[in-house]
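Residue numbers (this note's numbering): 752 to 910. We put the beta carbon where it would ideally sit given N, CA and C, even for glycine. Given the structure is predicted, the values throughout are model-derived calculations rather than measurements. One structure is given here, and the rest of the page talks about it.
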Ligand SMILES: [Cu+2]
């Protein structure tokens with residue numbers, strides 16, 4: 752019986768991390784590495800869903816504060832702000848979280864993010880009925896210069 756029981760336990764855990772109706776897929780999740788003293792960084796990924804859902808938040812053990820942000824040019828200045836109530840995702844139109852656009856902001860970092868490390872992220876979604884669900888992903892920390900000009904440095908932007 753033992754092997755069967757552990758298989759069942761695993762299946763239950765796997766189910767708990769997926770949405771009940773929408774089938775959500777997260778690809779290529781990564782976090783930009785930080786330098787010493789840097790207190791914030793961005794996490795990026797591509798999220799697709801079979802049903803309309805909204806990304807409303809993020810939780811992680813790697814940072815005390817994690818928010819969904821949008822970066823935009825306003826009066827010729829790159830600004831970013833927390834997106835509320837969240838970012839809508841439509842079926843067939845994956846949401847790209849990437850440098851210069853939507854991203855997950857990890858703030859008040861207790862330690863540097865070093866390339867190669869894994870960061871557990873719990874994405875929080877709401878479906879059309881307002882029901883909340885979560886999806887767990889592991890993001891890989893990539894080097895500071897990965898796919899981003901210096902202007903995207905999260906240590907300098909205003910909140
Ligand atoms: Cu940000």
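Proximity of the stretch 826 to 839 to the stretch 883 to 894 falls short of the contact definition, fewer than three beta-carbon pairs being nearer than 8 angstroms. Secondary-structure assignment with DSSP links residue 821 through a beta bridge to 832, 853. Look at which beta carbons fall closer than 5 angstroms to any heavy atom of ligand 1; those residues are 820, 831, 856.
Beta bridge pairing from DSSP links residue 805 with 839, 877.
Rounded to the nearest whole angstrom, the CA to CA distance from residue 798 to residue 787 is 30 angstroms. In the structure shown, the three-state DSSP call for residue 813 is coil. Here the alpha carbon of residue 819 sits roughly 19 angstroms from the alpha carbon of residue 879.
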